[in-house]
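Residue 1045, in the working numbering, is where the sequence shown stops; the numbers in between run on with no holes.
Heads up, the beta-carbon is just placed ideally off N, CA and C, and yes, glycines get one too.
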Amino acid sequence: MISIDKYWEDPKTLHIHREKARAYYIPYDSAEQAATRKRGRSPFYQTLNGAWRFQYHSSVEDVNEAFYEADYDASGWDTLLVPSCWQTNGYDQLHYSNVNYTIPCDPPYVPDENPAGLYIRDFAVAEQWEKKDKYVVFEGVNACFYLWINGQFVGYSQGSRVPAEFQIGDYLTAGVNRMAVMVLKYCDGTYLEGQDLWRYSGIFRDVYMLARDEAHIRDAFVRTSLGQDRSEASLRVELETTGSLDVYATLLGPDGHEVGARHVTVSDSGVLELSVTAPQLWSAERPVLYELYLSAGEEIIRFAVGFREIEIQDGVFRINGVPVKLKGVNRHDSHPRLGQTIPLPHMIEDLKVMKRHNINTIRTSHYPNDPRFLDLCNEYGFYVIDEADLECHGLAITDNWKNIEKGLNMQSFVDFHQLTKDAQWEQAFVDRAVRMVERDKNQPCIVIWSMGNESGYGPNHIAMARWTRERDASRPVHYEGAAPLYLGHEDVSCLDMESRMYASVPEIEAYAKDEASTKPLLLCEYSHAMGNGPGDLKDYWDVIYAEPKLMGGCVWEWCDHGIEQYTEQGERYYAYGGDFGEKPHDGNFCIDGLVAPDRTPHTGLLELKQVIAPVRIEEVQLQAGRLRLTNLYDFIDLSHLSFHWKLERDGQLLEQGVIDGLRTNPHASEEVVVPFSSASARIIDELTLTVSCCLQDETVWCSRGHEVMFAQFVPSMKREALADHVRKVSHQSIRAEEQGRMLHVAGFDFHHQFDLRKGVPTQLSRHGVELLAEPIRFNLWRAPMDNDRNMVRRWTYEGLEHTSLKVYRCDWKQESEREVTVTVDYSIGVYTRRPIVRGIATWRFDEQGGVSVQLTASVKEEIDFLPRFGLQLVMPEGMSEVEYVGYGPHESYIDKRNSVRKGKYAFRVEEMEHDYIMPQENGSRWGTDWAIVSNELGMGLHFEGAEPYSLNVSHYLPHDLTKAKHTYELERRKQTIVQLDYKMSGVGSHSCGPKLMEKYQLNDKEFTFRMDISPIFKEDE
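Rendered as structure tokens:
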């Protein structure tokens, strides 16, 4: 190995020759150029992004040549784009891990087989830079790196996701220069960077050089404060310079006009102050920004300024004096092809999608993001919880087999607090807070500093928090790892709020009502959005809105971290943990987002959008058209919205109109009258009223007319047993004949068949068209959702996936020429176990060809709850059309149905499905009144329950979805599978959150269920 100092296993050596942390900025030569924020337009900026020579070694021990020498021949090396991640370019191992360290847990030591990436870049320096000080900035390098220029050692740094800056002027020469970098995959900092993510390596964020005047502004802290009545604001700029310097400050208002200017001479440090009368305040709803230009020598530096005030009063989190609820998500840097290298357009797309779904808060889980991302948050309007690059979660399971076996009993994790209690690691902990705060301190969007994630709690965290509070008292400090359940250090006085992960609704409500709870509570993670979920959002937000001390929370998490891959046949799919042969791994636990890797929203995001919507609409007196609108915005009225209403009957539009001009104040309510006709008022109990709240004007994040939310008022009238268009007058008779084990039931235009030994219909046909491909069966199994993972072992133990019907007695009779009845005493069970369900099913055949089943069911006590109970029909090829009256247009479940609306829908079967990266139960429609599944000519079956039911129509059987681990493993069946469920248990978020609430469980021990099935040629009827 080359001769270098082994800094990577010394927690007290965090850098060599690295510049002191400072605020992020780029110097320009004019205000006009600075205003563009296009870094390449600055004559003092030079990118080093681009093609570098690259050589990968599986161990640093194999780096035997002085590759950093100025005349080293690297012509035979590979070419690698910077920024990028090794693993997305075919080097090293793609590896996903959640809790587990991917190396032996022996801090501060890392494996001797420590992969190394060698980088070489030849570059020129502009002649006009000759008399300038010169710096190089690495915005993100994972995990540590050594830097040489022209063969001379410049420095060392670690801390992957915060910048490292070095002064390099003394190492440069005229003409072509050479920069060499050695990046190591592991260092002692790896123990502090054990986040739940793909473990990427390399120079993954931008690299650039800056030319500075010899005397220049090194750092600036732009502090804002508001007067007591907020009619005045002050701006205090704390300056640090590299020498004596005249600094000129100009503050421009949101309209671009100057609102203040000052001049100050600074020698090393100084203060500059401005005051603003009647300031326009910044918030996520009105992200009003001022622009501060600092001019010194040849340089001009621009800072966005947002006047806002963050405080906690009487246990309530407030912004600008107003109680605010944080409606947030946790966001990792994640790109399906580039890994943690995030292009600017990708950042913008994330923010646009979030704004369109009513999200106002981002927790940068679990490290600072690219500084340009924060610039965008300032402009688009987001509250940001900026989190230090710190997670030691792997310590929680080190040498604790008994605890792991019992299911991660946190109270026994004696090693969890190991590093935060160790004084030799204090500097490493504090350094991560310092570099985050110093870089991001001028960003108005940041409203909370977070001291990392899941790293125990002890003196080193306390040191972090205390430094942060001393440096910036204007923002509260957060750290969830101090929660009492982890049994860490008892002193939490340095933290400004309580924080919990995945606390249940009763738990947070109890906290809010406890008078001893004096701090606001943040759910830094809740409603785990893995796979088909989350399903418990409304329950959380009903309590959050009701309790002032509950400040909101951040759903885990924003996006699925799938790696885009293609099969040999060219089919795209997303890979997850274990797909690349890595060990240890956590499977598809990285597929837990509200959006797919390509940012296609999952239905969980649509649910979140509706639940956290900034407007609430409630019925006052529907017959008179009176509704109550509540403005849940914190700072703006409703004048930017229009309210479009429509009245429908059985999916047919009767009336529509628009209500606009409303100016309901924030946190206030107002009654409005929907001006429908007197004729409609007389039958309003039979009609569906839908009110859609839309933006009146285009914004930077969506088009005009974008729907912010909707409300719907659905008639509660009791329905007839069958839809009117199915019932018709008939004077035909029905014939029944038993042949062997089969009962043949025939009429004027139909012929059905019932297996008296199996106890179910095996054939339904009309006009000779076969409508069943297999016998009808009872089904208790759903393809396990990710949120079922903690229940599926019990369901599998009980054999729910492989049940069969036991027929104790099957009798039939025909008491009239219009009806045949078959009565079946049955049970549903599986080998080894006692029967799961027992009951009586009564099948009735009428003279029109209709078939109905009414059954009783008794479920054995040992099962907490069933995933589902209902009928499963396999219909022949070609039954590709679905029409139904119920909720749509997308999937819905008993606890995931706020984002769907009642209507009449028509889809092809594949449009009823929702693809999840890990195949699972999907596509059900809760609350269906009736449905028709038919071929394109309208020949099929009509399904109607005595009560609304759950409908699922797919080209996959539940066991197809159960067996497949990726979408490409699914083979679409030609037949159509129809599930008609009495009930299905809810979705919840039990993959990481609390158990599914009892009210959403199919825990009925005794129930009855009726379903009417009718052959139909709907084009004729």
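Item                                                                                                               : Value
Contact belief for Asp410 with Ser474 at Cβ below 8 Å, rounded distance in angstroms                               : 7 Å
Exposed unless 16 or more other CB atoms sit within 10 angstroms - verdict on Val924                               : buried
Member of Ala807, Val854 and Asn811 whose CA lies at the smallest distance from the CA of Leu829                   : Val854
Collapsed DSSP secondary structure at Thr71 in the structure displayed                                             : strand
For Ser82, the three-state DSSP class (helix, strand or coil)                                                      : coil
Distance CB(Val906)-CB(Trp954) smaller than 8 Å                                                                    : no
Inter-residue spacing [alpha-carbon to alpha-carbon] between Ile343 and Ser307                                     : 8 Å
Straight-line Cα distance separating Ile324 from Val261                                                            : 15 Å
Cutoff 6 Å; reference Lys998; Cβ partners in own chain excluding five residues on either side                      : Glu901
Length at least 3, wholly inside the region 665 to 695: the beta strand (DSSP E) runs in chain order               : 665 to 673 and 676 to 683
Length at least 4, wholly inside the region 701 to 749: the alpha helix (DSSP H) runs in chain order               : 702 to 706
Top-ranked residue by Cα proximity to Glu843, from Arg868, Leu824, His826 and Tyr850                               : Arg868
Rounded C-alpha distance that separates Thr385 from Cys583                                                         : 15 Å
For Leu216, three-class secondary structure by DSSP                                                                : helix
Runs of beta strand (DSSP E) lying entirely within the region 355 to 397, each at least 3 residues, in chain order : 385 to 387
Complete runs of the beta strand (DSSP E) confined to the region 796 to 874 [at least 3 residues]                  : 801 to 803, 828 to 840, 843 to 853 and 861 to 870
Where the beta strand (DSSP E) through Gln589 begins and ends                                                      : Ile587 to Tyr590
Whether Cys459 touches Val207 by CB criterion (8 Å)                                                                : Correcting the residue type first, residue 459 is Arg in the shown sequence and not Cys. In this structure, Val207 does not lie closer than 8 Å to Arg459 by Cβ.
Rounded distance between the beta-carbons of Leu350 and Tyr391, thought under 8 Å                                  : Actually they do not touch by this definition, with Cβ atoms about 19 Å apart.
Cβ contact check for the region 446 to 464 and the region 511 to 524: 3 or more pairs under 8 Å                    : no
Of the listed residues Leu1026, Asp919, Glu839 and Pro799, nearest to Asp779 (C-alpha basis)                       : Pro799
Pairwise C-alpha distance: Trp669 and Glu731                                                                       : 12 Å
Leu662, enclosing beta strand (DSSP E) - first and last residue                                                    : It is not in any beta strand (DSSP E) - Leu662 carries neither H nor E in the DSSP assignment.
Inter-residue Cα distance where the pair is Arg229 and Gln634                                                      : 35 Å
CA-to-CA distance, Val529 to Tyr564, given in whole angstroms                                                      : 6 Å
Close-in-space but distant-in-sequence residues of the same chain around Gly418 (CB under 7 Å, 5 per side omitted) : Val123, Asn124, Tyr125, Cys129 and Gly218
Neighbourhood of Glu522 by C-beta, 6 Å cutoff - its chain only, sequence neighbours within 5 removed               : Lys543 and Leu545
Span of the alpha helix (DSSP H), counted from its first residue to its last, around His485                        : Pro483 to Arg495
Exposed unless 16 or more other CB atoms sit within 10 angstroms - verdict on Ile127                               : buried
Glu333 in three-state terms, based on DSSP                                                                         : coil
Three or more C-beta pairs below 8 Å linking the region 139 to 158 and the region 83 to 96                         : yes
Through-space distance from Gln176 to Glu93, alpha-carbon basis                                                    : 8 Å
Trp954 - partner residues in DSSP beta bridges                                                                     : Val909 and Glu968
Closest by C-alpha distance to His664, when choosing among Cys614, Pro982, Ile636 and Cys717                       : Cys717
Cβ contact (3+ pairs, closer than 8 Å) linking the region 814 to 824 and the region 762 to 770                     : no
Within 8 Å, strictly: CB atoms of Arg236 and Phe68                                                                 : yes
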